[in-house]
Amino acid sequence: MPEFNSEACPKKLGRRQEGMQSRRDWIPKSRKLSDLEEQTIIEFILDLDSRGFPPRLRGVEDMANRLLADRDEPPVGKRWASNFVKRHKELETRFFRRYNYQRARCEDPTIIRDWFRLMENTIAKYGIQLDDIYNFDETGFMMGVIASGMVVT
4 MPEFNSEACP
14 KKLGRRQEGM
24 QSRRDWIPKS
34 RKLSDLEEQT
44 IIEFILDLDS
54 RGFPPRLRGV
64 EDMANRLLAD
74 RDEPPVGKRW
84 ASNFVKRHKE
94 LETRFFRRYN
104 YQRARCEDPT
114 IIRDWFRLME
124 NTIAKYGIQL
134 DDIYNFDETG
144 FMMGVIASGM
154 VVT
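Under this note's numbering, the first residue of the sequence shown carries the number 4, and numbering increases by one thereafter.
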């Protein structure tokens, strides 16, 4: 990381001392979603990720556009989802490997234990009765996630 040179930007320092925000922290007037709506999207992304279904950037964009459509507002821009993830430190993008890699990882006892712990927590959290749990196998797949790609976690 480069050293901070106070002589290189005296105007910026003066503006910060006067309480003016940096461009990165500035909230534009043209902002499409409220703080509550953005927080709701963040919580939904983290919830999906905790269940093992992290959304792609396109899915995050779709979430925002649904909220905007309810208000008859125009959709978000092309880079909105990417900028949204950069703006919120609790989110990040990562590379999601396709199914064969995931299948190989499932032989790891730590991952298997973690999955069963997640299953127990989900059953307890939502009050699921054991009679309502059905068997499933490896033939299931997530639509649109057959190939590798970037997801938001």
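Backbone N, C-alpha and C define an ideal beta-carbon position, used for all residues, glycine too.
Residues that residue i bridges to, as DSSP identifies them
{"i": "residue 157", "result": "Residue 157 falls outside the range modelled here, since the chain spans only 4 to 156, and no answer is possible."}
{"i": "residue 59", "result": "154"}
Status (buried if at least 16 other CB within 10 Å, exposed otherwise) for residue i
{"i": "residue 36", "result": "buried"}
{"i": "residue 66", "result": "buried"}
{"i": "residue 44", "result": "buried"}
{"i": "residue 18", "result": "exposed"}
{"i": "residue 142", "result": "Legend: pLDDT at residue 142 = 46, less than 50; position of this residue unreliable, value from coordinates given subsequently. By the 10 Å Cβ count, residue 142 comes out exposed."}
{"i": "residue 4", "result": "Summary for residue 4: the model assigns pLDDT 47, below 50, so the residue's position carries little reliability, and this model does not support an answer."}
{"i": "residue 58", "result": "buried"}
{"i": "residue 48", "result": "buried"}
{"i": "residue 144", "result": "Bear in mind that a pLDDT of 49 at residue 144, under 50, signals an unreliable position, so the model cannot answer this."}
Distance between beta carbons of residue j and residue i, contact taken as under 8 Å
{"i": "residue 152", "j": "residue 99", "result": "6 Å"}
{"i": "residue 113", "j": "residue 60", "result": "The Cβ separation is near 29 Å, so there is no contact."}
{"i": "residue 94", "j": "residue 155", "result": "6 Å"}
How about the segment 54-64 and the segment 85-99: do they share at least three Cβ pairs that are nearer than 8 Å? yes
Quick check on the DSSP output: what are the complete alpha helix (DSSP H) runs of length 4 or more inside the segment 58-87, in order along the chain? 60-73
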